[in-house]
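Q:
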Amino acid sequence: MTALPEPVPTVLPARARVAVLDDAVLDDAALIGRSLNEPECFAVLFDRHGERIHDYAARRLGVQASEDITAETFYTAFRRRAAYDLTYPNARPWLYGIASRLIARHRRSEERYLRALQRTGVDPLPEPLDDAVLQRVAAQSERRLAGAVAKLPAGDRDVLLLVAWGDLTYEEVAAALEIPLGTVRSRLSRARRKVRAALGEDAR
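Every number in this note's numbering is 73 more than the matching position in the sequence shown, counting from 1.
#1: Between leucine 109 and alanine 144, what straight-line distance do the alpha-carbon atoms span, to the nearest angstrom?
#2: Just the C-alpha distance for serine 182 and leucine 134, rounded to the nearest angstrom, thanks.
#3: On the three-state DSSP scale, how would you describe arginine 107?
#4: Count the other CB atoms within 10 Å of the CB of alanine 177; is the residue buried (16 or more) or exposed (fewer)?
#5: Sort Phe151, Arg260, Arg230 by Cα distance to isoleucine 105 and report the nearest one.
#6: Return the Cβ separation of arginine 230 and valine 222 in integer angstroms, given the expectation that the two are a contact with Cβ distance under 8 Å.
#7: I want to check one thing, is the minimum distance from the CB of proline 112 to the heavy atoms of the ligand NAD below 6 Å?
#8: How many angstroms separate the CA atom of valine 91 from the CA atom of glutamate 113?
#9: To the nearest angstrom, report how far apart glutamate 244 and glutamate 111 are at their CA atoms.
#10: Identify whether arginine 101 lies in helix, strand or coil by the three-state DSSP scheme.
#11: Comparing C-alpha positions only, which one of Leu261, Glu251, Lys267, Leu272 sits nearest to proline 166?
#12: Check glutamate 159 in the structure and name its three-state DSSP category.
#13: Spatial neighbours of phenylalanine 147 within its chain, please: C-beta separation below 6 Å, excluding the five flanking residues on both sides.
#14: Is the beta carbon of leucine 190 sitting closer than 7 Å to the one on alanine 227?
#15: Taking the Cβ atom as the reference point for each residue, do isoleucine 142 and alanine 156 lie within a distance shorter than 7 Å?
#16: Go ahead and pull the three-state DSSP assignment for arginine 178.
#17: Quick one, which of Arg125, Arg174, Arg154, Ala138 has its alpha-carbon nearest aspartate 101's?
#18: With alanine 138 and histidine 179 assumed to form a contact (beta carbons below 8 Å), what rounded beta-carbon distance in angstroms separates them?
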């Protein structure tokens, strides 16, 4: 007896359902709101921001640790998504804030990593440089910068690196770290001044 073919499923798999969403129209807040009833929608948020969160964590803790930080960031965000303020269309500052707080649990590891970077000058996410001289200069600069950043107080370091590596605005950093805008400005000014002094530049 010939077996009957299996019926075509009428319900798409979770990822396939997400794929049909017009995510060019839905902002992050809309996706988070929708994910309260359709949890699979949250996967789009990872697709949008996962790589940048991973790169940020890699620069602070190294590539190996960044995998865990990225996974835990999005797991934490998923669990707390009901508390997200849907009046903020862009969830990137929120995600960076979660990642920064997770990184804060590894302060000693971060400082050890930055000191190792100071010795080697090897950026975990290097920009491609064709010229060997440029590569040497970049490595020297990376070493000096890593040493200067490692000496910063934790709060100043968070603000500086969210601006420099997270590419956040001052307002976004304030939202990410849940601190006043004035505190962001003062910490950033202090951090820049200390880094410039460590690099032998005149403070401006």
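C-beta: ideal position from N, C-alpha, C; glycine also.
A: Reading from the atomic positions:
#1: 20 Å
#2: 7 Å
#3: helix
#4: exposed
#5: Phe151
#6: 6 Å
#7: Ligands in the displayed structure: none, and consequently the ligand NAD is not present.
#8: Only weak support exists for where valine 91 lies, its pLDDT of 48 falling under 50; the value from the coordinates is given anyway. Going by the C-alpha atoms only, they are around 7 Å apart.
#9: 30 Å
#10: Sequence inspection shows aspartate at residue 101; the arginine mentioned does not correspond to that position. If DSSP states are grouped into helix, strand and coil, aspartate 101 belongs with the helices.
#11: Glu251
#12: The identity of residue 159 in the sequence shown is leucine, whereas the question assumes glutamate. Leucine 159: coil per DSSP, three-state reduction.
#13: Phe119
#14: no
#15: no
#16: coil
#17: Arg154
#18: 7 Å
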